[in-house]
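Contents: one structure, followed by commentary.
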Amino acid sequence: MYIDQLKKAFSQAYPDSGTPSVCRAPGRVNLLGEHLDYNGLPVLPSTIDREIVIAFCPRKGGIIRLRDVDTRYPDVEFANTPDIPPSPAGSWENYCKAAVQGLNRHCELDCSVGMDLLVAGTIPPAAGLSSSSALVVASALAYLASAGLTLGGNISRIELAALLAEAEHYVGTQGGGMDQAVILLGEANKACKIDFNPLRIETVPIFRDYSFVVCHSLVFADKTGSARVRYNEGPLSCRLLRAMVERQAQRTFGDEIQITRLADLWFGPLCLLNSEVEALFRETFPRPTTTLDDAARLLGVSIDTIRERWIGDLPEPSGGFPLQARARHQLSEFQRVESGRDLLIEDDPVGFGALMNASHTSCATDYRVSCPELDRLVKTSREAGSVGSRLTGAGFGGCTVNLVATTQVPDFCDWLKREYYAEFSAPPTFALTPADQQLLVVPSEGASHF
Ligand code: NG1
319 MYIDQLKKAF
329 SQAYPDSGTP
339 SVCRAPGRVN
349 LLGEHLDYNG
359 LPVLPSTIDR
369 EIVIAFCPRK
379 GGIIRLRDVD
389 TRYPDVEFAN
399 TPDIPPSPAG
409 SWENYCKAAV
419 QGLNRHCELD
429 CSVGMDLLVA
439 GTIPPAAGLS
449 SSSALVVASA
459 LAYLASAGLT
469 LGGNISRIEL
479 AALLAEAEHY
489 VGTQGGGMDQ
499 AVILLGEANK
509 ACKIDFNPLR
519 IETVPIFRDY
529 SFVVCHSLVF
539 ADKTGSARVR
549 YNEGPLSCRL
559 LRAMVERQAQ
569 RTFGDEIQIT
579 RLADLWFGPL
589 CLLNSEVEAL
599 FRETFPRPTT
609 TLDDAARLLG
619 VSIDTIRERW
629 IGDLPEPSGG
639 FPLQARARHQ
649 LSEFQRVESG
659 RDLLIEDDPV
669 GFGALMNASH
679 TSCATDYRVS
689 CPELDRLVKT
699 SREAGSVGSR
709 LTGAGFGGCT
719 VNLVATTQVP
729 DFCDWLKREY
739 YAEFSAPPTF
749 ALTPADQQLL
759 VVPSEGASHF
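Everything in the sequence shown is counted per our numbering, starting at 319 for the first residue and increasing by one.
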């Protein structure tokens, strides 16, 4: 019904276009493993039963016309060229442009393909549920089909996920590859343990008698807007962190050692144990904060070189970068992902919930990506009966994910309505319906074209 309506709306929006096809891409919720993917460390998300759908039809002449059924997103038209100029940061069409440019480059397409697109969706935006990557993936599927290419035939899901992770950097965020991978490779009723370099996915069952409930903090965390700078602090400071750890590892194990991604400590030439990584972090970051002078001394390069090679114009916080705590989060969160995968397989929700609680503490105190509202929502959710609650996604607002006995979900939601939602309200521009504030999410099939 929803798809039929979308097709009808497409024909009204583009009366000069042909009969549309449709593709869909689900959102995702990250269960464990926050801010690890851009360091190549494994993560544990699942798809959700909220999605972006696009009705589309190819057109000749390399013009791409983009509309959303929600008129808050303005109609846009752009030319398909080898270097598509990005619109100002925060513009929604940049996600579509990112997909088209990424595929043009990867598949060596000649840019003559155009398309008409009408987008609709059920993923609350700026919530940490990856509406942005779902739009990138759905745009990519539409463009592949418009160019006469098939998923599975011309390009594999794994290959597309890896290329779109890079392609999405076009919008200005330096994210890792978690979202695109789970959106393309997720399965119904399964969580995904994702490893990187090379990208691989293991699907694992979710709990039999417990459900994941996603709750919105009602704080708007727009990662292409104000939250972008704060998000990018993670990947940028981790570049410096990696370089310093590499230098320390060279001192300890020999100059030939290369640590291209932080994950190489475990999976690269050294194959270190967690206790050895911990010791290396202790040697590299003996104090809570690291100034640029400290970093320059260890690395044997100038501050200008540090900026040029790793951190760009990332401002130095007074007292230095909190690299010791950032490193601690990487190590502890990595261990939680590994254990969490086992606990899913063993159907141990209480053990998994304890990991979720520990993950939130680490995100809040070591990685500093929480906010007072998220902390309050997490605390209230535990009082309301969840066995595990944590922020999900980039943080700074957006949603929490909570593990709740399925029979207790209605009581849990009522409790939060009384104890959280009665007090907080969404900004009016946000247009978040009460039904979007608390979602019992069920993993759905990965993205498809039908
Ligand atoms: P959100 O903000 O939930 O879409 C972002 C990044 C992920 C990952 C998480 C933090 C993008 C597209 N997504 O997710 O890669 O780094 O933050 O774990 O940048």
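Each residue gets a CB set at the ideal place from its N, CA and C atoms; glycine is no exception.
None of these values were measured; they are calculated from a predicted model.
- For HIS534, the uninterrupted beta strand (DSSP E) run begins and ends at 528–534, by DSSP.
- Counting of Cβ neighbours within 10 angstroms places ILE441 among the buried residues, the total reaching 16 or more.
- Of all alpha-carbon atoms in ASP612, LEU359, ALA445, THR718, the one lying nearest the alpha-carbon of VAL655 is that of LEU359.
- Measuring C-alpha to C-alpha distances from LEU324 to each of ASP355, ASP388, GLU352, GLN755 identifies ASP388 as the nearest.
- Under the three-state reduction of DSSP output, GLY439 falls in the strand class.
- With a cut-off of 7 Å, the C-beta of ALA397 is classified as distant from ligand 1, since no heavy atom of the ligand falls inside that distance.
- Per DSSP, the beta-bridge partners of GLN756 are CYS533.
- Distances between the C-beta of GLU486 and the heavy atoms of ligand 1 include at least one below 7 Å.
- Looking at the backbone, the Cα of LEU459 and that of ALA765 are separated by about 8 Å.
- If you check the CB distance, ARG546 and ALA407 come in under 8 Å.
- Under DSSP, the beta-bridge partners assigned to ASP434 are CYS375, ARG383.
- Under the three-state reduction of DSSP, ALA343 is assigned to strand.
- The closest heavy atom of ligand 1 lies less than 7 Å from the beta carbon of GLU352.
- With contacts defined as CB atoms closer than 8 Å, LEU469 and LEU481 fail to qualify as a contacting pair.
- A distance below 8 Å separates the beta carbons of THR608 and LEU641.
- Here THR608 carries a strand assignment [DSSP, helix/strand/coil].
- Ranked by Cα distance from SER451, the options ARG548, PRO761, VAL347 are led by VAL347.
- Annotated as distal: CYS533 and ASN675, with beta-carbon spacing of 8 Å or more.
- Look at PHE768 here: in three-state DSSP terms it is coil, with no helix or strand label.
- Residues of the same chain with a CB within less than 6 Å of the CB of SER707, apart from the 5 flanking positions on each side, are VAL696, SER699, ARG700, THR718, ASN720 in chain order.
- The continuous stretches of alpha helix (DSSP H) do not include CYS589, and DSSP gives it neither H nor E.
- Counting only unbroken stretches of 4 or more residues, no alpha helix (DSSP H) element lies wholly within the region 384–412.
- Contact check for ILE501 against PRO344 passes: the beta carbons are separated by less than 8 Å.
- Scanning ASP393, ARG686, PHE530, VAL455 for the CA closest to the CA of LEU503 turns up VAL455.
- If only complete runs of 4 or more residues are kept, the region 662–746 shows the alpha helix (DSSP H) at 667–679, 690–701, 727–734, in order along the chain.
- Here the C-alpha atom of GLU651 lies approximately 39 Å from the C-alpha atom of TYR320.
- Within the DSSP bridge table, the entry for GLU520 names LYS511 as partners.
- If the five residues before and after GLN726 are omitted, its C-beta is found closer than 6 Å to the C-beta atoms of GLY703, all from its own chain and listed in chain order.
- By the 16-neighbour rule on beta-carbons within 10 angstroms, GLY711 is buried.
- Annotation: the continuous alpha helix (DSSP H) that includes TYR461 extends over 449–464.
- Across the structure, LEU421 and GLU395 are spaced so that their CA atoms are roughly 18 Å apart.
- ASP355 counts as buried, since no fewer than 16 other beta carbons sit within 10 angstroms of its beta carbon.
- DSSP lists PRO363 as the beta-bridge partner residues of ASN348.
- Of the candidates SER535, LEU558, ILE575, the residue whose Cα lies closest to the Cα of GLU741 is SER535.
- Cβ contact annotation for ASP732 (same chain, cutoff 7 Å, sequence separation greater than five): none.
- Taking 8 Å as the cut-off, the Cβ atoms of CYS681 and LEU649 do not count as close.
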